[in-house]
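Residue numbers (my numbering): 40 to 200.
What follows is one structure encoded as C-alpha coordinates, with my remarks underneath.
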(Lines of atoms letter the chains of each structure in order from A and count residues from 1; the text may use other names and numbers.)
(Lines give C-alpha, C1' and ligand atoms only; values in the text may rest on other atoms or scores of the structure.)
Protein backbone atom coordinates (compact mmCIF):
# COMPACT_ATOMS: atom_id res chain seq x y z
CA UNK A 1 0.00 0.00 0.00
CA UNK A 2 2.81 2.44 0.88
CA UNK A 3 4.42 1.65 -2.45
CA UNK A 4 1.20 2.56 -4.32
CA UNK A 5 0.81 5.80 -2.32
CA UNK A 6 4.41 6.74 -3.17
CA UNK A 7 3.83 5.98 -6.87
CA UNK A 8 0.65 8.04 -6.83
CA UNK A 9 2.33 11.05 -5.20
CA UNK A 10 5.15 10.93 -7.78
CA UNK A 11 2.61 10.75 -10.62
CA UNK A 12 3.70 7.25 -11.69
CA UNK A 13 0.35 5.63 -10.78
CA UNK A 14 -2.54 6.62 -13.03
CA UNK A 15 -6.13 5.67 -12.43
CA UNK A 16 -7.92 4.01 -15.34
CA UNK A 17 -11.71 3.76 -15.05
CA UNK A 18 -12.65 1.94 -11.85
CA UNK A 19 -9.05 0.77 -11.33
CA UNK A 20 -8.01 3.25 -8.61
CA UNK A 21 -5.35 2.94 -5.90
CA UNK A 22 -7.68 1.16 -3.42
CA UNK A 23 -8.79 -1.45 -5.99
CA UNK A 24 -5.14 -2.07 -6.93
CA UNK A 25 -4.20 -2.51 -3.23
CA UNK A 26 -7.12 -4.87 -2.45
CA UNK A 27 -6.77 -6.79 -5.68
CA UNK A 28 -10.47 -6.80 -6.69
CA UNK A 29 -13.05 -4.35 -7.94
CA UNK A 30 -15.31 -2.68 -5.40
CA UNK A 31 -19.08 -2.87 -5.69
CA UNK A 32 -20.50 0.40 -6.92
CA UNK A 33 -22.75 2.12 -4.37
CA UNK A 34 -21.12 0.47 -1.33
CA UNK A 35 -18.72 1.78 1.30
CA UNK A 36 -16.22 -0.43 3.09
CA UNK A 37 -15.85 0.37 6.80
CA UNK A 38 -14.26 -1.68 9.57
CA UNK A 39 -14.37 -4.87 7.53
CA UNK A 40 -18.11 -4.84 6.87
CA UNK A 41 -19.94 -3.53 3.86
CA UNK A 42 -22.71 -0.97 4.38
CA UNK A 43 -24.64 1.06 1.85
CA UNK A 44 -23.86 4.69 1.09
CA UNK A 45 -27.19 5.75 2.62
CA UNK A 46 -26.46 3.84 5.81
CA UNK A 47 -23.06 5.53 6.06
CA UNK A 48 -23.84 9.08 4.92
CA UNK A 49 -27.60 9.26 5.55
CA UNK A 50 -30.34 9.88 3.03
CA UNK A 51 -30.29 12.79 0.63
CA UNK A 52 -31.77 16.05 1.88
CA UNK A 53 -32.98 17.06 -1.58
CA UNK A 54 -36.19 15.61 -2.96
CA UNK A 55 -35.89 12.82 -5.47
CA UNK A 56 -36.55 13.48 -9.12
CA UNK A 57 -39.69 11.33 -8.77
CA UNK A 58 -41.05 13.67 -6.07
CA UNK A 59 -40.17 16.69 -8.20
CA UNK A 60 -41.89 15.22 -11.25
CA UNK A 61 -45.02 14.50 -9.19
CA UNK A 62 -45.11 18.11 -7.95
CA UNK A 63 -44.57 19.36 -11.50
CA UNK A 64 -47.32 17.07 -12.80
CA UNK A 65 -49.71 18.30 -10.08
CA UNK A 66 -48.97 21.95 -10.95
CA UNK A 67 -49.52 21.24 -14.65
CA UNK A 68 -52.85 19.54 -13.90
CA UNK A 69 -53.98 22.54 -11.83
CA UNK A 70 -52.94 25.01 -14.55
CA UNK A 71 -54.69 23.01 -17.28
CA UNK A 72 -57.85 22.63 -15.17
CA UNK A 73 -57.88 26.38 -14.48
CA UNK A 74 -57.49 27.22 -18.18
CA UNK A 75 -60.21 24.76 -19.22
CA UNK A 76 -62.62 26.16 -16.60
CA UNK A 77 -61.97 29.71 -17.85
CA UNK A 78 -62.62 28.66 -21.45
CA UNK A 79 -65.83 26.84 -20.49
CA UNK A 80 -67.04 29.84 -18.50
CA UNK A 81 -66.40 32.16 -21.47
CA UNK A 82 -68.26 29.87 -23.87
CA UNK A 83 -71.19 29.30 -21.49
CA UNK A 84 -71.50 33.04 -20.85
CA UNK A 85 -71.66 33.83 -24.57
CA UNK A 86 -74.10 30.98 -25.25
CA UNK A 87 -76.22 31.97 -22.25
CA UNK A 88 -76.38 35.58 -23.35
CA UNK A 89 -77.53 34.53 -26.82
CA UNK A 90 -80.09 32.12 -25.31
CA UNK A 91 -81.53 34.75 -22.96
CA UNK A 92 -81.79 37.26 -25.79
CA UNK A 93 -83.85 34.75 -27.78
CA UNK A 94 -86.01 33.77 -24.78
CA UNK A 95 -87.26 37.29 -24.07
CA UNK A 96 -90.43 37.57 -26.11
CA UNK A 97 -91.70 40.94 -27.09
CA UNK A 98 -95.36 40.92 -26.03
CA UNK A 99 -97.98 43.61 -26.52
CA UNK A 100 -97.42 44.84 -22.95
CA UNK A 101 -93.68 45.11 -23.42
CA UNK A 102 -94.13 46.85 -26.74
CA UNK A 103 -96.35 49.44 -25.04
CA UNK A 104 -93.74 50.12 -22.32
CA UNK A 105 -91.16 52.79 -22.74
CA UNK A 106 -88.07 51.79 -24.69
CA UNK A 107 -86.03 52.07 -21.46
CA UNK A 108 -87.83 49.12 -19.77
CA UNK A 109 -87.65 45.48 -20.74
CA UNK A 110 -88.01 42.10 -18.99
CA UNK A 111 -84.98 39.96 -18.23
CA UNK A 112 -84.05 36.65 -16.66
CA UNK A 113 -81.16 36.32 -14.21
CA UNK A 114 -79.00 33.20 -14.38
CA UNK A 115 -76.11 31.93 -12.27
CA UNK A 116 -73.33 30.16 -14.14
CA UNK A 117 -72.07 26.86 -12.75
CA UNK A 118 -69.18 24.91 -14.28
CA UNK A 119 -71.59 22.32 -15.74
CA UNK A 120 -74.91 24.17 -16.13
CA UNK A 121 -76.78 27.44 -15.81
CA UNK A 122 -79.58 28.05 -13.32
CA UNK A 123 -82.44 30.54 -13.65
CA UNK A 124 -82.75 32.26 -10.25
CA UNK A 125 -85.02 35.26 -10.91
CA UNK A 126 -87.01 37.26 -13.43
CA UNK A 127 -86.96 41.02 -13.46
CA UNK A 128 -87.11 44.28 -15.35
CA UNK A 129 -84.13 46.16 -16.79
CA UNK A 130 -84.20 49.97 -16.49
CA UNK A 131 -81.81 51.25 -19.16
CA UNK A 132 -82.61 54.94 -18.66
CA UNK A 133 -81.47 54.93 -15.02
CA UNK A 134 -77.91 56.25 -14.65
CA UNK A 135 -77.77 56.85 -10.88
CA UNK A 136 -78.62 54.27 -8.20
CA UNK A 137 -78.32 55.10 -4.47
CA UNK A 138 -76.43 58.27 -5.29
CA UNK A 139 -73.80 56.42 -7.33
CA UNK A 140 -73.45 56.80 -11.07
CA UNK A 141 -73.67 53.51 -12.94
CA UNK A 142 -70.69 52.54 -15.03
CA UNK A 143 -70.71 51.85 -18.72
CA UNK A 144 -72.41 48.51 -19.57
CA UNK A 145 -74.13 48.51 -16.14
CA UNK A 146 -77.93 48.63 -15.79
CA UNK A 147 -80.46 48.78 -12.97
CA UNK A 148 -82.53 45.58 -12.59
CA UNK A 149 -85.62 45.24 -10.42
CA UNK A 150 -86.44 41.66 -9.35
CA UNK A 151 -90.10 40.86 -10.10
CA UNK A 152 -90.12 37.12 -9.34
CA UNK A 153 -87.68 34.97 -7.35
CA UNK A 154 -87.40 31.49 -8.90
CA UNK A 155 -84.80 29.99 -6.52
CA UNK A 156 -84.81 31.59 -3.04
CA UNK A 157 -81.72 31.67 -0.79
CA UNK A 158 -79.24 31.16 -3.61
CA UNK A 159 -75.75 32.65 -3.42
CA UNK A 160 -75.34 35.32 -6.10
CA UNK A 161 -71.72 36.23 -6.79
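C-beta atoms are modelled at their ideal positions from N, C-alpha and C, and glycine is treated no differently.
If you drop the 5 nearest sequence neighbours on each side, which residues of the same chain put their C-beta closer than 8 Å to that of residue i?
i           : result
residue 157 : 115, 118, 119
residue 175 : 186
With the cut-off set at 7 Å, would you say residue i and residue j are in Cβ contact?
i           : j           : result
residue 163 : residue 197 : yes
residue 172 : residue 190 : no
residue 52  : residue 46  : yes
residue 43  : residue 60  : yes
residue 170 : residue 185 : yes
Helix, strand or coil, according to DSSP, for residue i in the structure here?
i           : result
residue 99  : helix
residue 171 : coil
residue 187 : strand
residue 61  : helix
residue 180 : coil
residue 28  : For the chain, the structure presents residues 40 to 200; residue 28 sits outside this window and is missing.
residue 158 : coil
residue 148 : strand
residue 82  : strand
Using a Cβ-Cβ cutoff of less than 6 Å, which residues in the same chain neighbour residue i once the five nearest sequence positions on both sides are dropped?
i           : result
residue 154 : 161, 163
Would residue i count as contacting chain C if we go by Cβ distances under 7 Å?
i           : result
residue 192 : Although the question refers to chain C, the structure presented lacks it and comprises just one protein chain.
For residue i, I'd like the list of residues in its chain whose CB is within less than 7 Å of its CB, leaving aside the five on either flank, ordered along the chain.
i          : result
residue 63 : 43
Using alpha carbons as the reference points, say which of the options lies closest to residue i.
i           : options           : result
residue 199 : 89, 107, 152, 182 : 152
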